[in-house]
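Novice: I am attaching a structure below and will ask some questions about it afterwards.
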Amino acid sequence: MLIVPLLHKRDGTQESERWPERPAAGIARFYRDTYRARVEWLPGIRLWTDYYRQIEQLAQQSAIFDRIILIGHGGFDGPILDRTLVRSDRVVVAGVATLTRGIEPQPGLQESVTITYDIAGNRAFSEFIATHWQELLKLGSDPVREIEALEARFQPLDPDCARRCLPDAAGDSGKIAACEWVCRDPLFSAKSAEGLAPDRFMLFATGLRKLVSESGLIVIDSCNPGTLASKGEQPSETDGALVHSDLAGGPHPSYVHLLAAATGRAVAGPIGKISADDMTVFIAMLESKRRQRDLRLVFPAAKDMAQ
Numbered sequence: 021m022l023i024v025p026l027l028h029k030r031d032g033t034q035e036s037e038r039w040p041e042r043p044a045a046g047i048a049r050f051y052r053d054t055y056r057a058r059v060e061w062l063p064g065i066r067l068w069t070d071y072y073r074q075i076e077q078l079a080q081q082s083a084i085f086d087r088i089i090l091i092g093h094g095g096f097d098g099p100i101l102d103r104t105l106v107r108s109d110r111v112v113v114a115g116v117a118t119l120t121r122g123i124e125p126q127p128g129l130q131e132s133v134t135i136t137y138d139i140a141g142n143r144a145f146s147e148f149i150a151t152h153w154q155e156l157l158k159l160g161s162d163p164v165r166e167i168e169a170l171e172a173r174f175q176p177l178d179p180d181c182a183r184r185c186l187p188d189a190a191g192d193s194g195k196i197a198a199c200e201w202v203c204r205d206p207l208f209s210a211k212s213a214e215g216l217a218p219d220r221f222m223l224f225a226t227g228l229r230k231l232v233s234e235s236g237l238i239v240i241d242s243c244n245p246g247t248l249a250s251k252g253e254q255p256s257e258t259d260g261a262l263v264h265s266d267l268a269g270g271p272h273p274s275y276v277h278l279l280a281a282a283t284g285r286a287v288a289g290p291i292g293k294i295s296a297d298d299m300t301v302f303i304a305m306l307e308s309k310r311r312q313r314d315l316r317l318v319f320p321a322a323k324d325m326a327q
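Each residue of the sequence shown is one higher than the last, beginning at 21 in our numbering.
Shown next, in the form of structure tokens:
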């Protein structure tokens, strides 16, 4: 057995990030006492980079498990950890520089920012970014706001425009800001988006497939992996961007269905929300094959069993 507590604290709460370790200990005790199973667990998983590093180490050791159980916060698109910087680069092609940052909250979902500028547009601006771009794109920064501040620092206002506009804006900070925006030629363009990163999802699925035996089981012990994901007319009304994508032959009814299709392994997870206190009970009932209303169990290339 491999148990993976995913250490993550929800924003705005007083909970400890280590809360998954308590149900993990209960689940480990259940398997040892009931089945005399050998139980391993991955410590200190706070970022997806931590997870992938330890999973790869196990794969290199040719480790195979009958069960892998991931315990933590989750949703319609699977387990959640602290946002992880997965891409940060600067590329120059034909005199145009592009800065790109990708942040991953869940495997397969990526928050991206892309900034482009002409390196000949303003030499001081371009040279500053060329030597500071990694700092500008670091996790926790707001690259667009920081580069807007650089633009204001390095790009002077058009004097004729400022002469006409600023006197009328005297004393009004809002009008002054509007004048500066109108009278300063822009140096860059920016685009922010939330989208799919299929390669990152497949990295996650492949790691699980390598470590779980063909007759084994993956359990996502968090909220909603087994819940049927509704699709609304607007993105804000739709549950689960990954679930409704074409990943692994999708769309799929739920994240459990998606992960079973992607890994070729049986996958189980709760329908609806689950508390930390209920996580061990959920596993015990699953293993004893006792019927439970809030369980989704899906076998690859087969119909699921909702109990």
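Glycine residues also receive a C-beta, built at the ideal position from the N, C-alpha and C atoms.
Note down the Cα distance separating I240 from I91, rounded to an integer number of angstroms.
Specialist: 7 Å
Novice: Might you give, ordered along the chain, the residues of its own chain that have their beta carbon closer than 7 Å to the beta carbon of L177, omitting 5 neighbours on each side?
Specialist: E200, C203 and R204
Novice: Whose C-alpha, out of R103, D53 and W153, is nearest the C-alpha of E214?
Specialist: When C-alpha distances from E214 are compared across R103, D53 and W153, the shortest belongs to R103.
Novice: Short check: CB of A288 to CB of L216, under 9 Å?
Specialist: no
Novice: How should S274 be labelled, buried or exposed, when 16 other C-beta atoms within 10 angstroms of its C-beta is the threshold for buried?
Specialist: The residue in question, S274, is buried, as its Cβ has 16 or more Cβ neighbours within 10 Å.
Novice: In chain order, what residues of the same chain lie with their CB nearer than 8 Å to the CB of Q312, ignoring the 5 residues before and after it?
Specialist: F302, M305, L306 and Q327
Novice: Which one or two residues does DSSP pair with W61 in a beta bridge?
Specialist: Partner(s): I23.
Novice: Would G122 and R107 be called neighbours here (beta carbons separated by less than 9 Å)?
Specialist: yes
Novice: Less than 7 Å between C-beta atoms, sequence neighbours within five positions excluded: which residues of the same chain meet that for A268?
Specialist: L278, A281 and A282
Novice: Name the DSSP beta bridge partners of V239, please?
Specialist: I89 and A288
Novice: Is DSSP giving P187 helix, strand or coil here?
Specialist: helix
Novice: Look up Q130 in the DSSP assignment and say whether it is helix, strand or coil.
Specialist: strand
Novice: Please identify the residue among V263, P206 and L26 whose C-alpha is closest to the C-alpha of L6.
Specialist: Lying before the first or after the last residue shown, residue 6 is absent from the chain, which here runs from 21 to 327.
Novice: Report the three-state DSSP secondary structure of K211 (helix, strand or coil).
Specialist: strand
Novice: Which of helix, strand or coil does DSSP assign to D266?
Specialist: coil
Novice: Please state whether the Cβ-Cβ distance between L105 and K29 is less than 9 Å.
Specialist: no
Novice: P99 by DSSP, collapsed to three states: which one?
Specialist: strand
Novice: Does the distance between the C-beta of T283 and the nearest non-hydrogen atom of the ligand ATP fall short of 8 Å?
Specialist: This structure lacks the ligand ATP, and indeed carries no ligand of any kind.
Novice: Since I139 and A117 are thought to touch, with beta carbons under 8 Å apart, how far apart are those beta carbons, to the nearest angstrom?
Specialist: 5 Å
Novice: Taking the beta carbon of E124 as the centre, do at least 16 other beta carbons fall within 10 Å, making it buried, or is it exposed?
Specialist: buried
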